[in-house]
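All residue numbers for the sequence shown refer to the working numbering, where the first residue is 7 and numbers rise by one.
Backbone N, C-alpha and C fix where the C-beta goes; we use that ideal spot for every residue, glycine too.
Just so we're clear, the structure is a prediction, and the values are computed from it rather than from any experiment.
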Amino acid sequence: MGLIDKLKRTFVAPIVEEKEEGAAMVRSLRETGAAALDHVEALAALLKLELEEASKRLGRKMALLLLAAFMAIFGYLFLWCFLTMVMAHFWGIIAGLAVTTGIHLVAAAVALILFSRTHVTPIAPATAEELKTDLSCLQMALKKSSHS
């Protein structure tokens, strides 16, 4: 074995191996990046689908709610006009109006208390769960790579 062969093995071979390892790492990073983009696209598609379903569901519910509210307002108005007239006939107009106003103020207070206690559910629970899973996997991978 000549001096040139020994120099090649000593100095040139490690540089070539480092270049090959670097190229493999770059290739691995590209594949990981492509897989991450594919995963983000899948999550975006899932979110879009869930938002479309939620909007359809909420749209129908909103239309029915508006119709019910419109009809209920007039029924409520006529009912309380009748009850106020009945109370005015027996107790006088001031007392009838005072009872009607008092009942409405108490009902409004109860409604506000109940409204403040309602819990809103998330719109896209499956997407949120997927993101939590992805985050935990990413954290585990980062911990694993930092320990090695």
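Among the options, nearest to residue i - alpha-carbon criterion
i: Arg123; options: Ala115, Ala69, Tyr82; result: Ala115
i: Gly64; options: Lys149, Ile129, Lys150; result: Checking the sequence shown, residue 64 turns out to be Leu, not Gly. Of Lys149, Ile129, Lys150, the residue nearest in Cα terms is Ile129.
i: Ala104; options: Leu144, Trp86, Ala117; result: Trp86
i: His110; options: Leu43, Tyr82, Phe96; result: Tyr82
i: Leu49; options: Leu118, Lys138, Gly98; result: Lys138
i: Pro131; options: Arg33, Phe121, Leu55; result: Leu55
Local Cβ density within 10 Å of residue i, reported as buried at 16 or more and exposed below that
i: Arg133; result: Before going on, a small fix: residue 133 reads as Thr here, not Arg. Buried is the call here.
Beta carbon of residue i nearer than 8 angstroms to that of residue j
i: Gly102; j: Ala113; result: no
i: Thr106; j: Leu89; result: yes
i: Leu52; j: Glu136; result: yes
Practice prompt. Give, in chain order, every unbroken run of the beta strand (DSSP E) that is at least 3 residues long and sits entirely within the segment 28 to 69.
Written response: none
Worksheet item: What are the complete alpha helix (DSSP H) segments, minimum 4 residues, inside the segment 77 to 139?
Response: 99 to 123
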